[in-house]
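To start, the structure under review is shown below, and the notes come after it.
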Amino acid sequence: MNDTPEKPTAAKKAPAKRTTTKAPAKKTAAKKTPATKATTKAVAKKTTAKAAAEKAPAKKAPARKPESRTALVRRARRINRELAELYPYAHPELDFTNSFELLVATVLSAQTTDMRVNQTTPRLFAVAPTPEDMAALPPEELEELIRPTGFFRAKTKSLLGLSAALRDRFGGEVPGRLEDLVTLPGVGRKTANVVLGNAFGVPGITVDTHFGRLARRFGWTTQEDADKVEADVAAIFPKSEWTMLSHRVVFHGRRVCHSRKPACGACPIAPLCPSYGEGETDPEKARKLLKYELGGQPGQRLKPPADYPGQPAPPMAPPAAAS
């Protein structure tokens with residue numbers, strides 16, 4: 013309690029001494045301070061203005077106007093034209109000589125490559141060239157014939173079921189109508205559109221994993237469901253383009269616009285793609301990602317069309333002899 017009165021006394025003396033000895037210093041500082049503050053403010057303004065000028069373009073870039081429906085349709089159709097120039101030889105990449113072979117090959121292509129299917133079907137069609145022949149195969153024998161394509165038990169069930177349905181309900185012939193095809197075991201809209209477009213000349217959009225991925229990257233749709241993707245894309249393109257559009261987009265998805273690492277830097281339609289930059293943008297590195305004929309590798313068909321510029325796929329190696 014005795015310390016309390018002493019502290020105010022010391023506090024009062026200190027200001028008196030400082031006022032006497034340091035007053036000029038305060039005046040000098042007072043004169044210099046405005047100049048220093050003015051200079052600092054000027055520099056700050058210049059720095060801020062410069063920084064704002066440098067950052068201005070970056071701020072404007074993300075502020076894109078939403079693409080109008082008309083602009084979307086024009087860009088989408090231009091992409092189709094560009095792909096037509098890039099892949100004038102686009103075709104279905106399954107080997108077939110008739111509608112039944114195409115139907116069977118398309119069912120087998122689920123969860124595997126077309127090349128693997130093409131390497132498997134020669135033996136299969138040698139044993140069962142018609143629906144009647146295939147429906148008569150013992151399940152174990154059919155399983156062994158299609159084993160290389162994977163999921164062979166489920167595929168065997170579908171092939172036996174659709175072969176029996178063709179024999180019993182359609183006179184051994186593959187129907188040329190979508191509503192009939194989708195009633196066959198293992199046949200959905202994708203498979204039906206492949207068969208209709210390439211065996212019967214009926215336009216159809218084939219939404220496989222490649223087509224769906226590119227349709228979303230191109231901004232043609234935001235849907236994940238295949239039927240909804242098909243509907244969105246069908247509303248953009250004339251019906252006459254549907255089948256070839258499907259081939260071109262799938263070709264591009266397999267060769268350039270890959271799922272994990274698209275070759276953006278080697279993509280001829282990069283200026284039209286809103287997803288440019290998702291993959292490798294360096295041209296040299298991107299070129300090394302190209303596949304099939306664009307990458308100097310064999311294609312997927314053992315018997316490709318005459319205008320195909322790449323190499324045919326090799327036949328399946330014979331099974332190793334048991335020791």
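Numbering (our numbering), first residue to last: 13 to 335.
Virtual Cβ for every residue (Gly too), placed ideally from N, Cα, C.
C-alpha gap between R267 and P274, whole angstroms: 9 Å
Separation of T161 from L120, as counted between CA atoms: 7 Å
Coil, strand or helix - C285 by DSSP: coil
DSSP three-state assignment for I217, whether helix, strand or coil: coil
First through last residue of the alpha helix (DSSP H) which encompasses S175: 164 to 181
Pairwise C-alpha distance: K167 and V186: 18 Å
Given C276 as reference, the closest of F230, L314, L115 once Cα atoms are compared: F230
4 or more residues per run - each alpha helix (DSSP H) lying fully within the region 230 to 311: 238 to 246, 254 to 267, 295 to 299
Other residues of its chain near D220: CB distance less than 7 Å, five sequence neighbours each side excluded: K202, V262
Stretch-stretch touch, CB-based, cutoff 8 Å, three pairs: the region 119 to 139 with the region 308 to 320: yes
Cβ contact check for the region 244 to 257 and the region 284 to 291: 3 or more pairs under 8 Å: no
Cβ neighbour criterion (16 or more within 10 Å) applied to A138: exposed
Best match in T125, L95, G173, R93 for proximity to T106 [C-alpha to C-alpha]: At residue 106 the sequence reads Leu, which differs from the Thr that was named. For L106, the nearest C-alpha among the options comes from T125.
Candidates A329, H264, A298, Q323, of which the one nearest E97 by Cα: H264
Selected residue, minimal CA-CA separation from P327, among D239, R135, Y101: R135
Which of helix, strand or coil DSSP assigns to N205: helix
Rounded C-alpha distance that separates A238 from R228: 11 Å
Integer-rounded CB distance, given that V214 should sit under 8 Å from G183: With 8 Å as the limit, G183 and V214 do not qualify as a contact, their Cβ atoms being about 20 Å apart.
Test item: CB-CB of L226 and G216 under 8 Å: no
Cβ-Cβ distance between G198 and G173 below 8 Å: yes
Distance, T142 Cα to A148 Cα: 10 Å
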